[in-house]
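Note that the protein sequences, when read in sequence, are chains A and B. Residue 98 in this note's numbering is what sits at position 98 of the first sequence, and the numbering runs on without skipping anything. With positions in the second sequence counted from 1, the corresponding number in this note's numbering is that position plus 129. Idealized CB from N, CA, C, for every residue including glycine. Written out below as structure tokens is the structure these notes cover.
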Amino acid sequence: MYRPKQLKENADLSLRNIPVGMWGWILQRITGLLLVFYLMLHILVVSVAMWGGQESFDRWMHGLHNPVLLTLELGLILTVIYHALNGLRIVLFDLGYGIRAQRQVFAAVMVLTALIFGYSLYVIVPYIY
Amino acid sequence: MQKITLNVYRFDPDLDQEPYWKSYELPGREGVTVLEVLFEVLEHHDGSLAFRYSCREAICGACAMYINGSHRLACKTQVSHLGRVLWVSPLPHMRVIKDLVVDMDPFFEKYKLIKPYLLSNSKPPEKERYQSPDERRYIDEMISCILCGSCYSSCPSVWTGEHYLGPAALMWAYRFTADGRDEGDAERLNLTAQEGGLWRCHTIFNCTEACPKNINLTHSIQQLKKKAAARVLGGK
Ligand code: HEM
Numbered sequence: 001m002y003r004p005k006q007l008k009e010n011a012d013l014s015l016r017n018i019p020v021g022m023w024g025w026i027l028q029r030i031t032g033l034l035l036v037f038y039l040m041l042h043i044l045v046v047s048v049a050m051w052g053g054q055e056s057f058d059r060w061m062h063g064l065h066n067p068v069l070l071t072l073e074l075g076l077i078l079t080v081i082y083h084a085l086n087g088l089r090i091v092l093f094d095l096g097y098g099i100r101a102q103r104q105v106f107a108a109v110m111v112l113t114a115l116i117f118g119y120s121l122y123v124i125v126p127y128i129y
Numbered sequence: 130m131q132k133i134t135l136n137v138y139r140f141d142p143d144l145d146q147e148p149y150w151k152s153y154e155l156p157g158r159e160g161v162t163v164l165e166v167l168f169e170v171l172e173h174h175d176g177s178l179a180f181r182y183s184c185r186e187a188i189c190g191a192c193a194m195y196i197n198g199s200h201r202l203a204c205k206t207q208v209s210h211l212g213r214v215l216w217v218s219p220l221p222h223m224r225v226i227k228d229l230v231v232d233m234d235p236f237f238e239k240y241k242l243i244k245p246y247l248l249s250n251s252k253p254p255e256k257e258r259y260q261s262p263d264e265r266r267y268i269d270e271m272i273s274c275i276l277c278g279s280c281y282s283s284c285p286s287v288w289t290g291e292h293y294l295g296p297a298a299l300m301w302a303y304r305f306t307a308d309g310r311d312e313g314d315a316e317r318l319n320l321t322a323q324e325g326g327l328w329r330c331h332t333i334f335n336c337t338e339a340c341p342k343n344i345n346l347t348h349s350i351q352q353l354k355k356k357a358a359a360r361v362l363g364g365k
């Protein structure tokens with residue numbers, strides 16, 4: 001319908017003009033896709049590890065237990081927390097609650113995400129290092 | 130008052146290879162609106178600048194544009210609220226016909242698709258079709274829509290889905306559904322709860338943020354989604 005060149009010229013792509021609700025959605029999609037990617041990787045790794053029986057599985061698990069991967073796992077935790085909480089925010093709207101306070105609800109999601117992630121760090125960081 | 134710098138999006142598909150920004154230095158004045166600034170250019174600098182306007186009092190919806198990072202009606206936007214530098218471009222993501230004039234046909238075609246008029250099979254009553262003050266108050270917000278296209282232009286689902294009805298059409302579908310005098314609920318649900326309809330809305334709220342009349346379109350779309358879901362699940 002529109003030509004790509006016009007889209008580029010006519011659309012405002014500057015980040016500071018993106019409203020709160022759109023950030024919520026962009027992050028929901030990015031974290032959703034990350035979760036799909038992680039889930040496939042997870043299933044693949046565990047399946048491969050189990051091919052060689054219990055001994056192979058233990059060896060794989062031992063190999064995965066290194067600071068780099070565990071640090072990446074912190075990223076996974078953040079991804080899950082945000083996606084789940086913002087998902088609940090959207091479910092809340094679908095049920096008819098909070099639509100007229102969407103900015104505040106999004107702020108609450110961000111604060112809760114930070115709190116839960118902070119607690120996760122508190123528990124997990126001493127365990128990793 | 131100090132001078133105003135107007136940066137305006139120019140594009141004439143017949144003459145220009147690419148759109149470009151053109152700057153004008155204009156005299157400022159107490160209480161001047163963006164629309165008046167555009168007239169200043171038209172009258173004293175460049176008669177070829179194209180833009181739409183009609184009522185000049187935020188009721189016709191013709192002069193919706195993208196001004197300093199937001200969807201706004203040029204006629205009711207005070208320059209003094211935006212500072213000395215203006216950036217004025219046509220409604221984003223819509224086909225530009227010339228300068229600030231965009232192709233509104235897809236928008237109005239989709240609006241017509243949801244039958245934005247009274248649907249009723251019953252015999253007209255003796256006097257008027259009665260509506261209580263409370264019922265009327267409930268649709269007050271929605272009927273302040275002036276069909277300016279700001280919501281439509283702001284919606285990511287519209288940008289990426291050529292056949293998506295868009296916020297305004299869905300809001301109007303709910304406006305009639307919410308009206309006790311109208312009997313077209315089932316028909317409008319058939320039109321909106323399908324491919325290209327309600328379920329393309331991802332609750333992003335860009336429409337609500339963009340609306341110059343402060344209508345919460347997301348609320349209307351959600352109410353209609355609820356009705357569609359209730360129908361499938363056997364509710365009312
Ligand atoms: C706590 C559990 C979860 C909740 C409450 C949740 C909720 C949601 C919600 C409400 C959406 C928004 C849909 C929309 O934009 O209209 C969404 C999007 C998405 N979710 Fe989840 N989700 C959860 C877990 C997952 C998991 C485990 C995966 C991956 C395996 C996933 C993948 C996705 C993807 C790819 C999207 C993007 C779809 C889109 O943007 O349209 N989600 N999720």
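Query                                                                                                                                                                        : Result
Shortest alpha-carbon distance to proline 245(B) belongs to which of Glu186(B), Thr321(B), Ser209(B) and Arg224(B)?                                                          : Thr321(B)
On the DSSP letters alone, give me the boundaries of the alpha helix (DSSP H) that threonine 206(B) sits inside.                                                             : Taken as a continuous stretch (DSSP letters only), threonine 206(B) belongs to no alpha helix (DSSP H), as it is neither H nor E.
Measuring only between beta-carbons, confirm whether asparagine 86(A) sits less than 8 Å from chain B.                                                                       : no
Would you kindly report the start and end of the unbroken beta strand (DSSP E) that includes serine 218(B)?                                                                  : 214 to 218
Strictly under 8 Å for the Cβ-Cβ distance: is valine 225(B) near chain A by that measure?                                                                                    : yes
Which chain B residues sit within Cβ distance under 8 Å of alanine 101(A)?                                                                                                   : Going along chain B, no residue has its Cβ under 8 Å from alanine 101(A), so there is no contact; the nearest lies around 11 Å.
Rounding to the nearest angstrom, what Cα-Cα distance links lysine 398(B) and leucine 39(A) in this structure?                                                               : With chain B running from 130 to 365 in the structure shown, residue 398(B) is simply not present.
Measuring CB to CB, does alanine 105(B) end up less than 8 Å from leucine 229(B)?                                                                                            : Lying before the first or after the last residue shown, residue 105(B) is absent from chain B, which here runs from 130 to 365.
Whole angstroms are fine: how far does the CA of lysine 356(B) sit from the CA of glutamate 270(B)?                                                                          : 19 Å
Measuring from the CB of isoleucine 77(A), is there a heavy atom of the ligand SAM at a distance below 7 Å?                                                                  : The ligand SAM is not among the ligands present in this structure, which contains only the ligand HEM.
For a test of the three-state rule: what should DSSP assign to methionine 1(A), helix, strand or coil?                                                                       : Note on methionine 1(A): pLDDT 42, under 50, position unreliable in the model; no value is reported.
List the residues that DSSP assigns as beta-bridge partners of alanine 302(B).                                                                                               : Partner(s): none; alanine 302(B) has no beta bridge.
Looking at C-beta atoms only, is the number of pairs between the stretch 266 to 284 of chain B and the stretch 297 to 308 of chain B that lie closer than 8 Å three or more? : yes
Are three or more beta carbon pairs between the stretch 204 to 218 of chain B and the stretch 131 to 138 of chain B nearer than 8 Å?                                         : yes
DSSP three-state call for alanine 191(B): helix, strand or coil?                                                                                                             : coil
By how many angstroms is the C-alpha of isoleucine 43(A) removed from the C-alpha of phenylalanine 145(A)?                                                                   : Here chain A covers residues 1 to 129 and nothing more, so residue 145(A) does not appear.
Report whether the distance from the Cβ of tryptophan 288(B) to the nearest heavy atom of the ligand HEM is below 7 Å.                                                       : no
Which residues of the stretch 195 to 207 of chain B have a Cβ closer than 8 Å to any Cβ of chain A? Give them in chain order.                                                : Tyr195, Gly198 and Ser199
The alpha helix (DSSP H) spanning serine 349(B) covers which residue range?                                                                                                  : 346 to 361
DSSP on serine 249(B), reduced to helix/strand/coil?                                                                                                                         : coil
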